[in-house]
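Data block below; observations after.
Residue numbers (my numbering): 192 to 348.
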């Protein structure tokens, strides 16, 4: 045990923070931070579907488009930072009792490829509003509760 502690001590002496900083510098630290965040976002599990939301299915979508009531769709991926922020914003709206009174559907960007292709979706973190069977609006990058409500307000009963 003493031998192991001695080896660890010698190694720690050789690894000097100043030397690391000299070789890596600020650019290396930034790259390391970005890389670790990228790895985390790709490995993290999907956010649970929110209360009152529904997972997309072609049958559900067809049923909803036959109705006159507006509904919205979120294009979601677990690795999407915008989607994570949108999820948190929707959680806030629910907790504050300000959730939009519309049906909400989550389309998985990787799983629901037919929907993505048919509606010419170019990325994630996108909200789409449908009314009378037609897409009437879309917006991306809405990551605060107020911006989301502002976007959906014209379609809320």
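For every residue, glycine included, the Cβ atom is placed at its ideal position computed from N, Cα and C.
This one's a predicted model, so the numbers in the text were calculated from it and none came from an experiment.
Residue 315 counts as buried, since at least 16 other C-beta atoms from the protein chains shown sit within 10 angstroms of its C-beta.
Annotated as proximal: residue 346 and residue 320, with beta-carbon spacing under 7 Å. The straight-line gap separating the alpha-carbon atoms of residue 338 and residue 303 is approximately 26 Å.
Residue 238 carries a coil assignment under DSSP once its states are collapsed to helix, strand and coil. Classified as exposed, residue 239 has fewer than 16 neighbouring CB atoms from the shown chains inside 10 Å of its CB. The beta carbon of residue 335 is closer than 6 Å to those of 280 in its chain, skipping five residues each way along the sequence.
Just so you know, the alpha carbons of residue 293 and residue 266 end up roughly 16 Å apart. Counting C-beta atoms within 10 angstroms of its own C-beta, residue 297 has 16 or more neighbours from the protein chains shown and is therefore classed as buried. Taking all protein chains in view, the Cβ of residue 249 is surrounded by fewer than 16 other Cβ atoms within 10 Å, so the residue is classified as exposed.
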